[in-house]
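Written out below as structure tokens is the structure these notes cover.
In my numbering, the protein residues as written are 5 to 90.
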């Protein structure tokens, strides 16, 4: 995923979204599920605006979000999608 500078931050925001969780257990489990599914997911701090119970979120490419959502549902991981641009 792109990193560095204000311009790349804007690009990153345009091509990624967050999955947020109520517990750290769910966040770490989701990271494991993503890895097992071959989907890149980066643990990042959950923004306060997400209103999540856990301070950890997974940042994923928008293109991978539906596949990750399906994998998390299949595994039984509780989550919410959060788009900070909405």
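All residues carry an ideal CB built from backbone N, CA and C; glycine is no exception. All values derive from a computational prediction rather than experimental measurement.
With residue 82 and residue 23 assumed to form a contact (beta carbons below 8 Å), what rounded beta-carbon distance in angstroms separates them? Between residue 82 and residue 23 the beta-carbon gap is near 10 Å, outside 8 Å, which marks them as no contact.
Please state whether the Cβ-Cβ distance between residue 47 and residue 62 is less than 8 Å. Result yes, Cβ atoms of residue 47 and residue 62 sit closer than 8 Å.
Cβ-Cβ distance between residue 38 and residue 72 below 8 Å: Between residue 38 and residue 72, the C-beta spacing is below 8 Å.
From 45, 27, 52, pick the residue whose C-alpha is nearest to that of residue 68; which is it? Put simply, of 45, 27, 52 the residue whose alpha carbon is nearest the alpha carbon of residue 68 is 45.
If I measure Cβ to Cβ from residue 33 and keep anything under 8 Å in the same chain, skipping five residues before and after, which residues do I get? For residue 33, where only same-chain residues beyond five positions count, the Cβ hits under 8 Å are 79, 81.
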